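**Q**
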Amino acid sequence: MLKSLMVAKAKEELEQEIIVKEEEKERYLEEKAPEIQTSRMSLAELQELCQELHAKIDVVDEERYDIEAKVMHNTREIKDLNIKVLDLRGKFKRPNLRRVRVSADAILRSLLGSKHKVSLDLRANLKSVKKEDTEKEKTVEVSDWRKNVEAMSGMEGRKKMFDAAKGAAQ
Numbered sequence: 030m031l032k033s034l035m036v037a038k039a040k041e042e043l044e045q046e047i048i049v050k051e052e053e054k055e056r057y058l059e060e061k062a063p064e065i066q067t068s069r070m071s072l073a074e075l076q077e078l079c080q081e082l083h084a085k086i087d088v089v090d091e092e093r094y095d096i097e098a099k100v101m102h103n104t105r106e107i108k109d110l111n112i113k114v115l116d117l118r119g120k121f122k123r124p125n126l127r128r129v130r131v132s133a134d135a136i137l138r139s140l141l142g143s144k145h146k147v148s149l150d151l152r153a154n155l156k157s158v159k160k161e162d163t164e165k166e167k168t169v170e171v172s173d174w175r176k177n178v179e180a181m182s183g184m185e186g187r188k189k190m191f192d193a194a195k196g197a198a199q
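What the sequence shown shows, in this note's numbering, is residues 30 to 199, in sequence order.
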């Protein structure tokens, strides 16, 4: 609802701007280029009027050409400066950063200043892990694999596997 109202309001304002611009254009043209009454003029007066108009057109064309040349020059200069900026960015090499070990006390001293003597033992808050549990998980019974292969080979081994699967299902 709000969005549609905003769009409608913007559309109205855009239409009003277009009308205002047209009115300004008409007013400017009336002021700068009044209507010419050619019906009462003689041939000599018409030729003189045409020469004046051609002179004004030449002046306007010269100004337009000068402005276009300035714009082209500025555009070329902007492109050259952009290329220089990109070249400078490419030549700059970032130094390799080194890892710096700083203790928590040193960080607090730098942040709080040397007046405050606060020491934190961050390791005290960490969860402790028992090494015995991890070692038990790693030790797995290692048996001779050849005995297992010989026992499972043939029909007897398949029967044992079938019985084992049947017993696990029940």
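Beta carbons: idealized from backbone N, C-alpha and C, even for Gly.
Just so it is clear, the structure is predicted and the values come from calculations on it, not from any experiment.
#1: Comparing the C-beta of E46 with each C-beta of chain D, is any distance below 8 Å?
#2: How many angstroms separate the CA atom of A39 from the CA atom of L140?
#3: What do you reckon, are the CB atoms on L78 and I86 nearer than 8 Å?
#4: Would you kindly report the start and end of the unbroken alpha helix (DSSP H) that includes Q45?
#5: Where do the N-terminal and C-terminal ends of the alpha helix (DSSP H) with R69 fall, by residue?
#6: Whole-angstrom Cβ separation of L75 and T67, contact assumed at under 8 Å?
#7: DSSP on R130, reduced to helix/strand/coil?
#8: Nearest-angstrom Cα distance between I136 and E106?
#9: What is the rounded straight-line gap between the Cα of L82 and the Cα of V88?
**A** This is what the structure holds:
#1: Absence of chain D from the displayed structure is noted, only one protein chain being present.
#2: 52 Å
#3: no
#4: Per DSSP, Q45 is one residue of the alpha helix (DSSP H) stretching across L31 to K61.
#5: Segment: none, R69 is in no alpha helix (DSSP H) and carries neither H nor E.
#6: 6 Å
#7: coil
#8: Using only the alpha carbons, I get a separation of about 49 Å.
#9: In a straight line, the C-alpha of L82 is about 10 Å away from that of V88.
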